[in-house]
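Q: In terms of this note's numbering, the sequence shown is residues 9 to 262. Starting off with a structure, shown below.
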Amino acid sequence: MPGMLDAKIILVTGGSTGIGRASALILAREGAHVVIADVQDEEGERTVGLVREAGGRAEYHHVDVTDEARVTALVGDIAARHGRLDGAFNNAGIEGPSAKISDYGIEHWHRVIAVNLTGVFVCMKAEIEQMKKQHDGGSIVSTASAAGLIGIPGAAAYNAAKHGVVGLTKTAALEYAGRNIRVNAVCPGFIDTPMLGRVTDASVKIRDSLIAAVPMKRVAQASEIGDTVTWLLSARSTYVTGVALPVDGGWVAQ
Ligand SMILES: NC(=O)c1ccc[n+]([C@@H]2O[C@H](COP(=O)([O-])OP(=O)(O)OC[C@H]3O[C@@H](n4cnc5c(N)ncnc54)[C@H](O)[C@@H]3O)[C@@H](O)[C@H]2O)c1
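Below, the structure written as structure tokens:
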């Protein structure tokens, strides 16, 4: 049976673990050649190994998304070797500290904004530059968060960065709608990944209270985000652009 993404070349940032790894596996299963960019090399190579074990195609590159020159060089290299870039999942992110604004260190603010917002801008810019050269454009999905749609006490920089990703997504969608480049964001709620582990490690109570707040009364598997991303990157969503789609068990609908 043909896959949803047969022969497509797709970049996934933050593909070494969590949502990025689960998405890479699904994208490859649907026929894409997946290019993973991350800073955790061992885990990145492990994702490549998992994709290959399942019969898919993937490659790993050490690229920090805050390094514009490296990101631009990677996209140039993908175009040179594969001839094109059909899709991109800008997913790399960090959680930053949990602190109220008056205790939130400016150095943490700068780092979280650099990775979670400027990193997405830098990637988008390079990806759009390449997709503009392709008559059939491309599809870009970035990972925002439910925290990009509502306020969350204790996460000022994360919240601001993720709201920024939503705004950036809408602007990019409008700027390039006429060039066949679709730009969307996914807004995950609570997803079972290393990041959620770090945030809730402090106590089972925190995890339980998060779950209690979700109408579906569970956290999601990373693959549930991967399925949504795969759809947005595929030709099954050709009229969808500029959306920030919650994938959150109903959390922000409340
Ligand atoms: N887990 C959740 O509940 C949840 C909820 C909403 C949004 N998100 C978002 O989903 C995305 C993926 O997070 P996850 O939960 O899979 O966590 P994760 O920590 O497993 O994955 C994040 C990945 O990004 C990579 N990364 C971090 N900084 C980087 C940089 N400067 N350059 C390149 N790669 C970098 C990490 O090495 C890691 O592989 C993030 O953007 C996160 O904010 C997660």
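A virtual CB, placed ideally from N, CA and C, is assigned to each residue, including glycine.
1. What's the C-alpha gap between residue 156 and residue 124?
2. What's the call for residue 206, buried or exposed, on a 16-neighbour Cβ count within 10 Å?
3. Run through the region 205-253 for me and flag every whole beta strand (DSSP E) of 3 or more residues, listed as ranges in chain order.
4. Just to check, is the beta-carbon of residue 246 closer than 8 Å to a non-hydrogen atom of ligand 1?
5. Could you give the C-beta distance for residue 128 and residue 93, rounded to a whole number, given that I count them as a contact under 8 Å?
6. Do you know how far the Cα of residue 226 is from the Cα of residue 190?
7. Looking at residue 204 and ligand 1, is the gap between the Cβ and the nearest heavy atom below 8 Å?
8. Can you list, in chain order, the residues of its chain with a C-beta nearer than 8 Å to that of residue 214? Leave out the 5 residues immediately preceding and following it.
9. Beta carbon of residue 237, beta carbon of residue 82: below 9 Å?
10. According to DSSP, which residues form a beta bridge with residue 99?
11. Out of 164, 22 and 75, point me to the one whose CA is closest to residue 54's CA.
12. Could you tell me whether any non-hydrogen atom of ligand 1 is closer than 8 Å to the CB of residue 154?
13. Using DSSP with H/G/I as helix, E/B as strand and the rest coil, what is residue 196?
14. Once the 5 residues before and after residue 101 are set aside, which same chain residues still bring their CB inside 7 Å of it?
15. Let me confirm a value: residue 249 is counted as buried when at least 16 other C-beta atoms fall within 10 Å, else exposed. Which label applies?
16. By DSSP, does residue 166 sit in helix, in strand, or in coil?
A: Reading from the atomic positions:
1. 11 Å
2. exposed
3. none
4. no
5. In fact, because the Cβ distance is near 16 Å, the residues do not count as touching under 8 Å.
6. 31 Å
7. yes
8. 207 and 208
9. no
10. Residue 99 is not bridged to any residue.
11. 22
12. yes
13. strand
14. 22, 123, 124 and 151
15. buried
16. helix
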